[in-house]
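Below: the structure, in structure tokens.
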Amino acid sequence: MELVLAKVGNGGRNDARGYLSHRNDTYTANNQEHLRMKSRENLIQFGLLIIALSTIVILLLIALFILKEGLPIILRVGIKGFICSTHWSPQQGQFGILAMIIGTAWITAGAILVSLPLSLSCAIYLSEFSTPKVRGTLKPIIELLAGIPSVVYGFMGMVILFPLIRNYLGGAGPSILTASVILGIMILPTITSIAIDSLQAVPHSYREGSLSLGATRWQTIRMVILPAAKTGILSGIILGIGRAVGETMAVIMIAGNSVIIPKSLLDPVRTLTANIALEMNYATGDHRQALFATGIVLFITIIILNIIAHTIARGGVEK
Amino acid sequence: MFKLVVGMLLSTIIFGCAKSNVETINIAGSTAFQPFAEKLAEEFMVSHPEIRINVQGGGSAVGIQAAQTGVAQIGMADVVTLPKEAEGLKSIVVAKDAIVVIVHSTNKIDGLSLQQIQGIFSGKLNNWGQVGGENKKITLVSREEGSGTRDSFRDLLLKDTHLAPNALIQNSTGAVRLMVETDSTAIGYITHGVLSPEVKALKIDGVNPSPRNIRKGKYNVVRPIFLLTKGEPKESVKEFINFILSPQGQKIIADNGLLTVVK
Amino acid sequence: MLKPIFWEQVMKKILFVGTAITVFILFFIIFYILKNGLAVVDMEFLLSSPKDFGRAGGIFPCIVGTIVLSLVAIIIATPLGVGTSIYLSEYTRESKLTSIIRFGTDCLAGIPSIIFGLFGFVLFVVYLGLGWSILSGGLTIAFMILPTIIRTSEEAIKSVPDYYREVSLSLGGTKWQTIVKVVLPSALPGIVTGIILGVARSIEETAIVIFTAGSVLRIPTSLFDSCRTMSVHFYILAREGISMENAYGTATILIITILLINAFAYWLMHRLMAKYS
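Below, the structure written as structure tokens:
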């Protein structure tokens, strides 16, 4: 308290009324200094509002630029021609990205398959079966997985998974399988973190009630806690999907980048992100527009995923 | 605290505006020529300390576009003929480069005919056993679409056949070589200047891509390396290009595996 | 009869195995990189410049590039991020506007880095004519780490107890004075944690850097110079097979740096929590 007293200078009149209840301050006009302070405060508030709007502005800017560069070709080729055609051959004017959409879908699905059992195990174990101390130590460690650069992950895939696949499973190495495994590990921390938080947010009374009725811990988890934390976990999974869809560097290194519709897990694929990264540097004219249009598709996908996650999260809270 | 922030900001601004009287030349483009451009730049900057040369890669199409938009003062392109995107740019050939088809050094095959190469890369032939090797599936490795090396490969070897869609795509010469180095069933194509001991360059129609054969013209899968500038290049750029064409520059090129243009 | 208890034991073991696998993967990656890379890392590696395209020599320019790029990004992102979180937590109550801003922040956080790279390339490198430079890269990365800083700052500011504010105001301080002299200093550990996490994110970023800051292998001397960061250098070395040892060495430094940064951030978080519990 003394520190607070020392820091705050001697102002004018009592301002406490307006602040905490978020109402506008009301003052009588006969204190000059007060008016000055008030206008300065308003200026600061306005300035901060502008700064706060910056996130929206940046988002809109990104959307604007990407749309500006990419929309013309979508209009020209038609949405059907763009999204539903598998012919990607820029030098011949063919811009179908279906093969890439399928590639992204396969790899994302694979990543979720790899990641879900591991992340849910971690989340449930850390939340329900361990002490706060263990949780406090292991949770940050698992979150460390998120700090490893994606290029290092891609490298590990190249160096460890390629030889394994070549020797034991056949095929060249770069494949959906490799990408799924690596991507799955990459999104692990995202899903685990959010899942742990969701599980922890379930009130203790739920657990106590269930246990007092004679259920085992696992029964409690399965029938009471998991359903209660369902929405949170789901939104975590969706965020993980978003991350997998958006991953670029690791995928370029390990997925093979061939523009084909895969027939097996060992086939190489190209994702939407890899398509952009591989060809962006030099694409001109139509080709470049097509890559930006791919960016539009990605952008919209992420926004939709976010909206879904938000709706789910809000639905859960209302329950 | 506030003073600290202001101090940091000021020093950053000063750092930022410290554009010394150093002239910068940006070169971008062909990844095949990039290592050579770096070496040439290193040498050049020794005798010209007031000029700084930044070498970026990206592929021939990047070089063409960067020169057009002015992002780079010099664009490097290693194509057989300049595409229409290079219209309006001044071009000068500074070296010649041979493309070689490579396989893993342990591959039994030593050479292939042109038809076999076309068959393999188009996907018609997909097993090494079909061309005299072991009974293993062939893994195709290729460059990405904007690569000059890929365009040259198509123009000089593939001609009318199309690359198989299931070829693995890598976005630089070095990456293609790495893939072939680590996969004993792989086949790819790179510039002969970056060969390594782990890969083997195949004979094509019986002709061995040895430096001698390339120089003599017997092995003719060769394409020029263009340097592109927009309009009249400025003094420093001209100096650098002249350096590359000088005996000293050409020696660096020859020493590191490319073909020279100036006798 | 015994079944529920049986399942309980089985599931507990299965879950434990799952957790153990995850932790094992993490340690395996770190161990593998460090084992192969520590041999390469020595003072010379850290302090000398690369020779022969990266085959020999050290990675000093990349270290400098990484530091400078992160600094620029932080300098741009921190005022924007902290300002936004101050506004969101101190100046408004929950309304349409704030939920739009929050939605925008979440969306920004989810946008793939390649889109940021495209955006940065089109806006900063070409349109504004900044070319491949630290400035272009720093601005773009700043936009990318903005959500991180906003989120952590907001949490930190929200956790400052209300009575701090009450006392300040009852002594006659204005809102702004309260924020600057009371709230912010108390929230500082949390804000700094967010900044540190932002730095960690910007260090591991590769796609954006390649598209906006280029990959020139030299010590940058001005904001308009291109530069290469450690992760870009690692990517190039590894992809092209230029030098596997140096790749491992670069990765080692990268991972050690990130480990240290994360450890520091967590230590700060704990200090923060200890202060308020």
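Respectively, the protein sequence lines represent chains S, L and W. According to the numbering used here, the first sequence is numbered sequentially starting from 1. According to the numbering used here, the second sequence is numbered sequentially starting from 1001. According to the numbering used here, the third sequence is numbered sequentially starting from 2001. Quick reminder that beta carbons are idealized off the backbone N, C-alpha and C, glycines included.
Point to revise | Minimum Cβ-Cβ distance from Ile300/S to chain W less than 8 Å | key: Position 300 of the first sequence, counting from 1, holds the residue named residue 300/S. Answer no: the Cβ-Cβ gap between Ile300/S and chain W never drops below 8 Å.
Practice item. Step through the CB atoms of chain W and report whether any lies within less than 8 Å of the CB of Glu1181/L. Key: Position 181 of the second sequence holds residue 1181/L. True, the Cβ-Cβ gap to chain W drops below 8 Å.
Point to revise | Beta-bridge partners of Tyr1189/L, as assigned by DSSP | key: Taking the second sequence and counting its residues from 1, one reaches residue 1189/L at position 189. DSSP, once it has assigned bridges, lists Val1101/L as partnering Tyr1189/L.
Practice item. Could you name each continuous alpha helix (DSSP H) segment of 4 residues or more that falls completely within the stretch 160-224 of chain S, going from the start of the chain to the end? Key: 162-168, 176-201, 204-212 and 217-220
Review point. With a cut-off of 8 Å, does the C-beta of Glu279/S fall near any C-beta of chain L?
Key: Indexing the first sequence from 1 puts residue 279/S at position 279. Taking CB atoms only, Glu279/S has a neighbour in chain L less than 8 Å away.
Exercise for review: Determine the chain W residues that contact Arg1215/L at a beta-carbon separation under 9 Å, and present them in chain order.
Suggested key: In the second sequence, the residue the question calls residue 1215/L occupies position 215. Going along chain W, no residue has its Cβ under 9 Å from Arg1215/L, so there is no contact; the nearest lies around 25 Å.
Check your understanding: For Lys1096/L, which residues does DSSP report across the bridge?
Key -> As a working mapping, residue 1096/L is identified with position 96 in the second sequence. Under DSSP, the beta-bridge partners assigned to Lys1096/L are Pro1224/L and Leu1259/L.
Review point. Can you list, in chain order, the residues of the stretch 1056-1069 of chain L whose Cβ is nearer than 8 Å to any Cβ on chain W?
Key: Taking 8 Å as the cut-off between beta carbons, the residues of the stretch 1056-1069 of chain L near chain W are Gln1056, Gly1057 and Thr1069, in sequence order.
Check your understanding: chain W beta carbons: is any one of them nearer than 8 Å to that of Val1071/L?
Key -> Here residue 1071/L corresponds to residue number 71 of the second sequence, with the count starting at 1. Closer than 8 Å: yes.
Exercise for review: Provide the residue(s) that pair with Thr1229/L in DSSP beta bridges, ordered along the chain.
Suggested key: Position 229 of the second sequence, counting from 1, holds the residue named residue 1229/L. Bridge partners of Thr1229/L: Lys1090/L.
Exercise for review: Starting from the N-terminal side, write out each stretch of the alpha helix (DSSP H) that is 4 residues or longer and does not extend beyond the stretch 1120-1163 of chain L.
Suggested key: Fully contained in the stretch 1120-1163 of chain L are the following alpha helix (DSSP H) runs of length 4 or more, in chain order: 1148-1153.
Point to revise | Cβ contact check for the stretch 1081-1091 of chain L and the stretch 1167-1185 of chain L: 3 or more pairs under 8 Å | key: no
Review point. According to the Cβ coordinates, are Ser2231/W and Leu2254/W closer than 8 Å?
Key: Indexing the third sequence from 1 puts residue 2231/W at position 231. Indexing the third sequence from 1 puts residue 2254/W at position 254. A contact, by the Cβ cut-off of 8 Å.
Check your understanding: Any residues in the stretch 2235-2254 of chain W with a beta carbon nearer than 8 Å to a beta carbon of chain L? Which ones, in chain order?
Key -> Arg2239, Glu2240, Gly2241 and Ile2242
Check your understanding: Does any residue of chain A bring its CB to less than 8 Å from the CB of Gly2110/W?
Key -> Given the protein chain composition of this structure (S, L and W), no chain A is represented.
Point to revise | Any 3 or more C-beta pairs closer than 8 Å across the stretch 2237-2250 of chain W and the stretch 2151-2166 of chain W | key: no
Practice item. Classify Ser2231/W as helix, strand or coil using the three-state DSSP reduction. Key: Taking the first residue of the third sequence as position 1, residue 2231/W is located at position 231. Looking at Ser2231/W - three-state DSSP - the assignment turns out to be helix.
Exercise for review: Reducing DSSP to helix, strand and coil, say where Thr2212/W ends up.
Suggested key: As a first step, residue 2212/W is located in the third sequence; it is residue number 212 there, counting from the start. Here Thr2212/W sits in helix by DSSP.
Practice item. Kindly say whether Trp106/S, judged by its beta-carbon, lies nearer than 8 Å to any beta-carbon of chain W. Key: One-based indexing of the first sequence puts residue 106/S at position 106. Judged by the 8 Å Cβ criterion, Trp106/S is not in contact with chain W.
Check your understanding: Below 8 Å, can you find three or more Cβ-Cβ pairs linking the stretch 1109-1120 of chain L to the stretch 1062-1071 of chain L?
Key -> no
**Study point:** Residues of its chain near Leu116/S, where Cβ-Cβ distance is below 8 Å and the 5 sequence neighbours each way are ignored
**Key:** Walking along the first sequence from the start, residue 116/S turns up at place 116. Ile191 and Ile237, listed in sequence order.
**Study point:** Beta-ladder partner(s) of Lys1203/L, from DSSP
**Key:** By 1-based counting over the second sequence, the position of residue 1203/L is 203. DSSP, once it has assigned bridges, lists Gly1111/L as partnering Lys1203/L.
Practice item. Verify whether the separation of the beta carbon atoms of Cys2227/W and Gly2058/W is less than 8 Å. Key: What you label residue 2227/W is simply residue 227 of the third sequence in a count that begins at 1. What you label residue 2058/W is simply residue 58 of the third sequence in a count that begins at 1. No. Outside cutoff.
Exercise for review: Would you list the one or two residues that DSSP bridges to Leu1168/L?
Suggested key: Numbered from 1 along the second sequence, position 168 holds the residue referred to as residue 1168/L. Answer by DSSP bridge pairing, in chain order: Val1141/L.
Check your understanding: Which value, in whole angstroms, describes the spacing of the CA atoms of Lys2181/W and Arg207/S?
Key -> On the third sequence, residue 2181/W is found 181 positions in, with the first residue counted as 1. On the first sequence, residue 207/S is found 207 positions in, with the first residue counted as 1. Going from the Cα of Lys2181/W to the Cα of Arg207/S covers about 43 Å.
Point to revise | Ile1092/L to Pro90/S span [Cα, whole Å] | key: Position 92 of the second sequence, counted from the first residue, corresponds to residue 1092/L. Position 90 of the first sequence, counted from the first residue, corresponds to residue 90/S. Taking the straight line from one Cα to the other gives about 27 Å.
Review point. Going by C-alpha distance, which of Ala293/S, Gly242/S and Gly47/S is nearest Ile308/S?
Key: Counting from one through the first sequence, the residue named residue 308/S turns up at place 308. Out of Ala293/S, Gly242/S and Gly47/S, Gly242/S has the C-alpha closest to the C-alpha of Ile308/S.
Review point. From Trp218/S to Ile141/S, what distance separates their C-alpha atoms?
Key: In the first sequence, residue 218/S corresponds to position 218, counting from 1. In the first sequence, residue 141/S corresponds to position 141, counting from 1. Cα to Cα, the separation comes out at about 25 Å.
Review point. Are there three or more Cβ pairs, one per stretch, closer than 8 Å when the stretch 65-76 of chain S is compared with the stretch 289-306 of chain S?
Key: Flag = yes, the stretch 65-76 of chain S and the stretch 289-306 of chain S touch.
Review point. In angstroms, rounded to a whole number, what distance separates the CA positions of Ile302/S and Met100/S?
Key: Walking along the first sequence from the start, residue 302/S turns up at place 302. Walking along the first sequence from the start, residue 100/S turns up at place 100. C-alpha separation (whole angstroms): 16 Å.
Check your understanding: Since Asn1054/L and Val2040/W are thought to touch, with beta carbons under 8 Å apart, how far apart are those beta carbons, to the nearest angstrom?
Key -> For the purposes of this step, residue 1054/L is taken as residue 54 along the second sequence, with counting starting at 1. For the purposes of this step, residue 2040/W is taken as residue 40 along the third sequence, with counting starting at 1. That belief does not hold up - the Cβ atoms of Asn1054/L and Val2040/W are roughly 26 Å apart, past 8 Å.
Point to revise | Run of the alpha helix (DSSP H) containing Arg1052/L, from where it starts to where it stops | key: Sequence index remark: in the second sequence, residue 1052/L carries index 52 (1-based). From DSSP, Arg1052/L is part of no alpha helix (DSSP H) but of the beta strand (DSSP E) over Ile1051 to Gly1058.
Check your understanding: Secondary structure at Trp106/S, three-state DSSP: helix, strand or coil?
Key -> Counting from one through the first sequence, the residue named residue 106/S turns up at place 106. Of the three classes helix, strand and coil, the one that applies to Trp106/S here is helix, per DSSP.
Point to revise | the stretch 2008-2015 of chain W / the stretch 1100-1108 of chain L touching (three or more Cβ pairs under 8 Å) | key: no
Exercise for review: Compute the Euclidean distance between the alpha carbons of Ile2111/W and Trp88/S, then round it to the nearest angstrom.
Suggested key: Position 111 of the third sequence, counted from the start, is the residue given in the question as residue 2111/W. Position 88 of the first sequence, counted from the start, is the residue given in the question as residue 88/S. Near 24 Å, if we compare the C-alpha coordinates of Trp88/S and Ile2111/W.
Review point. What span of residues does the alpha helix (DSSP H) with Trp131/S cover, start to end?
Key: Translated into the one-based positions of the first sequence, residue 131/S becomes position 131. It is Thr, not Trp, that sits at residue 131/S in the sequence shown. For Thr131/S, no alpha helix (DSSP H) segment is defined, and its DSSP state is neither H nor E.
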